[in-house]
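**Q**
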Amino acid sequence: MASNPKTLTFEEVAKHNNKKDCWIIINGKVYDITPFLDEHPGGDEVLLTSTGKDATIDFEDVGHSDSAIEMMEKYFIGKVDTSTLPPKVSHSLPQPTQTHGAGNQSSGFVVKILQFLLPLLILGLAFALQYYGQKKHASTS
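Numbering-wise (full-length UniProt numbering), the sequence shown opens with residue 1 and increments by one.
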């Protein structure tokens, strides 16, 4: 790694987003992974979809090996100026509002009961059909 790494803006890094020129950001560091695209075990498409954003979560979710993390150092070209990163988009679902009062809680209770009873009803129906089928078969023989 360089002793005095370059500091790049997010906009500069985001321009490098194709197969011939591919840079990604992981943990605040910028990597030019263009020569690695064809070698990546997961294919180049997964790397190309990680351009134009902070790819740290994508990288960590996969669970890369220590050797893969060490290999990244040869592609290091600088650090990203974190003040230029776009705000993180929240992918969580909005919290439900309590506008319906207690009716909301009772419908949740009904759903839980149905989740428990429905499989039992199906199982009971299957046993009843089997029993009826055996009894009918025995009476015709």
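C-beta atoms are modelled at their ideal positions from N, C-alpha and C, and glycine is treated no differently.
Can you pull the DSSP bridge partners for ILE24?
**A** As a beta-bridge residue in DSSP terms, ILE24 pairs with TYR31.
**Q** Is it true that the region 62 to 77 meets the region 22 to 31, where meeting means three or more beta-carbon pairs spaced less than 8 Å apart?
**A** yes
**Q** Closer than 8 Å by C-beta to THR82: which residues in its own chain qualify, once you throw out the five before and the five after it? Chain order, please.
**A** GLY28
**Q** Given this structure, state the Cα-to-Cα distance separating LYS6 from GLU70, to the nearest angstrom.
**A** 20 Å
**Q** How many Å lie between PHE109 and TYR132 at the Cα?
**A** 34 Å
**Q** Over what stretch of residues does the alpha helix (DSSP H) that includes residue 149 continue unbroken?
**A** It is not possible to answer for residue 149, since the shown part of the chain is limited to 1 through 141.
**Q** Could you check whether THR56 and GLU11 sit closer than 8 Å to each other, using their CB atoms as the reference points?
**A** no
**Q** For the putative contact between ILE24 and LEU8, defined by C-beta atoms under 8 Å, what is the C-beta separation to the nearest angstrom?
**A** Actually they are not in contact, since the Cβ atoms of ILE24 and LEU8 sit about 12 Å apart, beyond 8 Å.
**Q** I believe ILE113 touches PHE59 by the beta-carbon criterion, under 8 Å. Please report the beta-carbon distance rounded to the nearest angstrom.
**A** In fact, because the Cβ distance is near 43 Å, the residues do not count as touching under 8 Å.
**Q** With H, G and I counted as helix, E and B as strand and the rest as coil, what does DSSP make of LEU121?
**A** helix
**Q** Kindly indicate the opening and closing residues of the alpha helix (DSSP H) around LEU47.
**A** LEU47 -> alpha helix (DSSP H) spans 44 to 48.
**Q** What do you get for ILE122, buried or exposed, if any count of 16 or more other CB atoms within 10 angstroms of its CB means buried?
**A** exposed
**Q** Give me, in chain order, the residues of the same chain whose beta-carbon lies closer than 6 Å to that of ASN17; leave out the 5 immediate sequence neighbours on both sides.
**A** THR51 and GLY52
**Q** Buried or exposed, going by whether 16 or more other CB atoms sit within 10 Å of the CB of ASP61?
**A** exposed
**Q** How would you call VAL111, buried or exposed, if buried means at least 16 neighbouring beta carbons within 10 angstroms?
**A** exposed
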